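J.:
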Amino acid sequence: MKSLKRFVFPKSRRLNANRLNEVYRNLYKAFGPQKWWPGESPFEIMVGAILTQNTSWANVEKAIRNLKQARKLSPPAILKLKDRKLAELIRPSGYFNVKAKRLKIFVDFLFKKFGGDIRLMARVDGRALRVELLQIPGIGPETADSILLYALGKPFFVIDAYTKRIFARHRLSFESRPTSPPRLVDLPYSAWQEIFTRHFSPDVSLYNDFHAQIVRLGKTYCKASVTLCSACPLAKYL
DNA sequence: TGCCAGGCCGGGT
DNA sequence: ACCCGGCATGGC
Numbered sequence: 376m377k378s379l380k381r382f383v384f385p386k387s388r389r390l391n392a393n394r395l396n397e398v399y400r401n402l403y404k405a406f407g408p409q410k411w412w413p414g415e416s417p418f419e420i421m422v423g424a425i426l427t428q429n430t431s432w433a434n435v436e437k438a439i440r441n442l443k444q445a446r447k448l449s450p451p452a453i454l455k456l457k458d459r460k461l462a463e464l465i466r467p468s469g470y471f472n473v474k475a476k477r478l479k480i481f482v483d484f485l486f487k488k489f490g491g492d493i494r495l496m497a498r499v500d501g502r503a504l505r506v507e508l509l510q511i512p513g514i515g516p517e518t519a520d521s522i523l524l525y526a527l528g529k530p531f532f533v534i535d536a537y538t539k540r541i542f543a544r545h546r547l548s549f550e551s552r553p554t555s556p557p558r559l560v561d562l563p564y565s566a567w568q569e570i571f572t573r574h575f576s577p578d579v580s581l582y583n584d585f586h587a588q589i590v591r592l593g594k595t596y597c598k599a600s601v602t603l604c605s606a607c608p609l610a611k612y613l
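Our numbering applies: residue 376 is where the first sequence begins, and numbers increase by one.
1) Taking 8 angstroms as the limit between beta carbons, can you name the residues of its chain near Leu562, skipping five residues before and five after?
2) Measure the alpha-carbon distance for Pro557 versus Phe575 and round it to whole angstroms.
3) Three or more C-beta pairs under 8 angstroms: does that hold for the stretch 534-547 against the stretch 581-596?
4) In this structure, does DSSP put Arg552 in helix, strand or coil?
5) Strictly by DSSP, which residues pair up with Thr595?
6) Excluding five sequence neighbours on each side, which residues of the same chain lie with their C-beta closer than 7 angstroms to the C-beta of Asp318?
7) So Ala438 packs on Arg446, CB below 8 angstroms; how close in whole Å?
8) For the stretch 460-470 and the stretch 487-502, state whether three or more C-beta atom pairs, one from each stretch, are separated by less than 8 angstroms.
9) In the DSSP assignment, what are the bridge partners of Thr572?
10) Should the stretch 421-432 be called in touch with the stretch 388-406, which here means at least 3 C-beta pairs below 8 angstroms?
11) Could you tell me if Leu603 is buried or exposed, where buried requires 16 or more neighbouring beta carbons within 10 angstroms of its beta carbon?
12) Just to check my reading of the structure: Ile522 and Phe484 have Cβ atoms closer than 8 angstroms, yes? What is that Cβ distance to the nearest angstrom?
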């Protein structure tokens, strides 16, 4: 998040449980329930989580459509596919060579660990599973948490570019006390995540919809190059 | 036309 | 511990 570094907090507003609840209520009231993740099965969600790395969802949809049409959207099918062929199918999602490898490595993990059975994977303790996911090349914190939350229903809050940008632009920070000179806010993933977990008890439904609302807001009102304030449900915080 | 999108990795300081 | 270039398509 290079762009974030331009946003310095002169005086940040302390985020607490009340403020976070307030933000969520504003988003929910504006957009209604988001019904995430947009995918029909846990495995499709996992694939989507990898394919959407730094990529617009519209492009990922094309790639997933290709996989479905080729009857390749399953762990065994991807396991058998050549990297070359898989890359071809997911071409629209961008970085297709990298992502083809990542998908294969992830599916290898599924078979080695769970015989390719997602239901077995879902039984594992979330924290232990997160550690294992993060050891897989190509799975970083956001992808891991997306898989845990949206595919497996485990309470891990997902932080993404929109989350950082939206909260930074609205000067909703979580510095414990103001610093002088003001700090840059490109804090590590874990620090951003901590704020949500510190103020909310683990709640899969809330974590699910809150992150979805953030993305919804980001796509409409908080793109990297432009912030639209008219009709933005969080405009009052600016 | 150029910038951006629901990151992550590896090499360099 | 940070910082950066690379990875690549499709939409506006």
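Every residue, glycine too, gets a C-beta built ideally from N, C-alpha and C. Keep in mind that this is a model prediction, so the values were computed, not measured.
T.: A quick look at the data gives this:
1) none
2) Interpretation of Pro557 is limited by its pLDDT of 39, a score under 50 that renders its predicted location unreliable; no figure is taken from the coordinates.
3) yes
4) Reliability of the predicted coordinates at Arg552 is poor, the pLDDT of 43 falling under 50, and no value is obtained from them.
5) For Thr595, which the question treats as bridged, DSSP gives no partner whatsoever.
6) A question about residue 318 goes unanswered here, because the residues of the chain that appear run from 376 up to 613.
7) Wrong, their Cβ atoms sit about 15 angstroms apart, outside the cutoff.
8) no
9) Thr572 is not bridged to any residue.
10) no
11) exposed
12) Not really, about 11 angstroms apart at Cβ, beyond 8 angstroms.
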